[in-house]
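Structure, as structure tokens:
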Ligand SMILES: *[C@@H]1O[C@H](CO)[C@@H](O)[C@H](O)[C@H]1NC(C)=O
Ligand SMILES: *[C@@H]1O[C@H](CO)[C@@H](O)[C@H](O)[C@H]1NC(C)=O
Ligand SMILES: *[C@@H]1O[C@H](CO)[C@@H](O)[C@H](O)[C@H]1NC(C)=O
Ligand SMILES: *[C@@H]1O[C@H](CO)[C@@H](O)[C@H](O)[C@H]1NC(C)=O
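In this note's numbering, the protein residues as written are -9 to 415.
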């Protein structure tokens, strides 16, 4: 699972407009950070000296609805304090425009959405949960362009050092009411290779906290032995909207089964493991010459339009079980064919995965042709109808500001089920 596609616009005019837009966005975010920095510092000072220690009880607030009008009820009245960290932990990384758009960008998107969210409180004494905004996936390698995450543990450790030396909240709970995002391959293990991820494990300092991570499997796994919520990989909602303008969800689909991405003809044995457990190799060998299958191994900026033209979109595992294709297929109305045994999918209460996708066991990948032909003859239309529900698409995309039903909204619902960790009483 790597950055297989970088959605770039080849039209130079559009590209410069886009750059300008990006710059304006970056500028406004920076200003936002600056102003929220000033405001937060201000309220923190006030609250620690005057009103802070008198924590109003939940019961009192329930009696007096005026105290807690906006957020009460929704998300169980949850309030989240967003730490204001120095820019080297987050906003500095946004200088690279890929940081807020690539497939690990949920760490940026969730932070951004929380800043303007109604669950946000500027008073940490009023908070149930504490969000720690560290962007660890934006150190792109100059060699291959992939995010290097070797620095992730140290960066997070120093963020914790920073926030715990000054404010009492981390020490008070040993981090159990603190929330982090780990949006790359093996989530809170911070490594892209499973064996290394497992041997390094989840850093000691994060083990009490809540981790929002893209990685999830149904069985026990060392990289999810922490309170966690599975979140979808980041796909830019604007890119999806642009693709859908050209090819609507209900449009004609001339491709039967689609896959574009890394498919190794002879996968290397990397410390006893093969890329994609050789599933992708089997797909290529078995269906490379089958005219129903549209299989491509190279990057192509317009790949989203291919998804929009397809009936079935193959989502085989890479190194990790999850893949951005899951989100792109759903968003563009192509039935995801999930080939990743034991994967735990995001937001099962909002996304009825069994009704909108197909699951094929890794061992059955050689029978894919027959399985898909059978579904096409029987229930494909029913699955497509379920997939057409706009709420499903919405749940997997992170809007810039939290909106009802979007991915950050789903994160907030999940977090509001963990308020037993709150100190607010
Ligand atoms: C980014 O990653 C490289 C390794 O690829 C590392 O040498 C460097 O220190 C990292 N940068 C930061 C700011 O952590
Ligand atoms: C929290 O604990 C650390 C390590 O024990 C300590 O250095 C730090 O001063 C404590 N923070 C506060 C605000 O007391
Ligand atoms: C793959 O490599 C490991 C050593 O890294 C070796 O023990 C194992 O037998 C190899 N597997 C195969 C199928 O060649
Ligand atoms: C469609 O049919 C397949 C295979 O017959 C089955 O596994 C799947 O659950 C069905 N899906 C729906 C939504 O009916």
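Heads up, the beta-carbon is just placed ideally off N, CA and C, and yes, glycines get one too.
Hey, residue i and residue j: beta-carbon distance below 9 Å or not?
{"i": "residue 285", "j": "residue 248", "result": "yes"}
{"i": "residue 383", "j": "residue 230", "result": "yes"}
{"i": "residue 392", "j": "residue 97", "result": "no"}
{"i": "residue 255", "j": "residue 275", "result": "yes"}
{"i": "residue 352", "j": "residue 267", "result": "yes"}
{"i": "residue 373", "j": "residue 333", "result": "no"}
{"i": "residue 202", "j": "residue 169", "result": "yes"}
{"i": "residue 94", "j": "residue 124", "result": "no"}
{"i": "residue 180", "j": "residue 193", "result": "yes"}
{"i": "residue 316", "j": "residue 409", "result": "no"}
{"i": "residue 336", "j": "residue 400", "result": "yes"}
{"i": "residue 356", "j": "residue 283", "result": "no"}
{"i": "residue 101", "j": "residue 171", "result": "yes"}
{"i": "residue 396", "j": "residue 389", "result": "yes"}
{"i": "residue 341", "j": "residue 320", "result": "yes"}
{"i": "residue 185", "j": "residue 261", "result": "yes"}
{"i": "residue 288", "j": "residue 250", "result": "yes"}
{"i": "residue 187", "j": "residue 241", "result": "no"}
{"i": "residue 403", "j": "residue 300", "result": "no"}
Need the endpoints of the beta strand (DSSP E) that residue i sits in, please.
{"i": "residue 70", "result": "70 to 72"}
{"i": "residue 218", "result": "217 to 220"}
{"i": "residue 301", "result": "300 to 306"}
{"i": "residue 325", "result": "325 to 329"}
{"i": "residue 250", "result": "245 to 250"}
{"i": "residue 119", "result": "119 to 121"}
{"i": "residue 202", "result": "200 to 203"}
Can you tell me where the alpha helix (DSSP H) holding residue i begins and where it ends?
{"i": "residue 365", "result": "358 to 367"}
{"i": "residue 402", "result": "397 to 405"}
{"i": "residue 416", "result": "This structure does not reach residue 416, given that the chain is present from -9 up to 415, and the question cannot be answered."}
{"i": "residue 377", "result": "370 to 377"}
{"i": "residue 142", "result": "142 to 156"}
{"i": "residue 100", "result": "96 to 105"}
{"i": "residue 236", "result": "227 to 236"}
{"i": "residue 316", "result": "314 to 321"}
{"i": "residue 195", "result": "Taken as a continuous stretch (DSSP letters only), residue 195 belongs to no alpha helix (DSSP H), as it is neither H nor E."}
{"i": "residue 270", "result": "269 to 277"}
{"i": "residue 185", "result": "184 to 190"}
{"i": "residue 80", "result": "Note, residue 80: premise wrong, no alpha helix (DSSP H); not H, not E."}
{"i": "residue 160", "result": "159 to 163"}
Name, in chain order, the residues that DSSP records as bridge partners for residue i.
{"i": "residue 263", "result": "260"}
{"i": "residue 286", "result": "250"}
{"i": "residue 349", "result": "328"}
{"i": "residue 168", "result": "120"}
{"i": "residue 337", "result": "Paired residue(s): none; residue 337 is not in a bridge."}
{"i": "residue 130", "result": "137"}
{"i": "residue 110", "result": "70"}
{"i": "residue 207", "result": "333"}
Is residue i close to chain D, meaning its C-beta is less than 9 Å from at least one C-beta of that chain?
{"i": "residue 163", "result": "Structure shown: chain D not included; a single protein chain is present."}
Pop quiz: residue i and residue j are said to be a contact at Cβ under 8 Å. What is the actual Cβ separation, rounded to whole angstroms?
{"i": "residue 302", "j": "residue 362", "result": "5 Å"}
{"i": "residue 310", "j": "residue 205", "result": "6 Å"}
{"i": "residue 449", "j": "residue 73", "result": "Given a span of -9 to 415 for the chain in the structure shown, any question on residue 449 remains unanswerable."}
{"i": "residue 199", "j": "residue 166", "result": "7 Å"}
{"i": "residue 75", "j": "residue 405", "result": "Not really, about 20 Å apart at Cβ, beyond 8 Å."}
{"i": "residue 86", "j": "residue 136", "result": "Incorrect: roughly 13 Å between the Cβ atoms, too far for contact."}
{"i": "residue 225", "j": "residue 174", "result": "Not a contact, Cβ separation roughly 15 Å."}
{"i": "residue 322", "j": "residue 234", "result": "7 Å"}
{"i": "residue 314", "j": "residue 223", "result": "4 Å"}
{"i": "residue 178", "j": "residue 213", "result": "6 Å"}
{"i": "residue 142", "j": "residue 71", "result": "Not quite, the Cβ-Cβ distance comes to about 23 Å (not below 8 Å), so this is no contact."}
Quick check on the contact list: which residues have their beta carbon closer than 5 Å to a heavy atom of ligand 1? Matched residues: 129, 138, 141.
Under a criterion of Cβ closer than 5 Å to any non-hydrogen atom of ligand 3, which residues qualify, in chain order? Taking each Cβ in turn, the ones that pass are 259, 261, 262.
What does the shell around ligand 6 hold, if a residue joins when its beta-carbon is under 7 Å from any heavy atom? Ligands present in the displayed structure are limited to ligand 1, ligand 2, ligand 3 and ligand 4, and ligand 6 is not among them.
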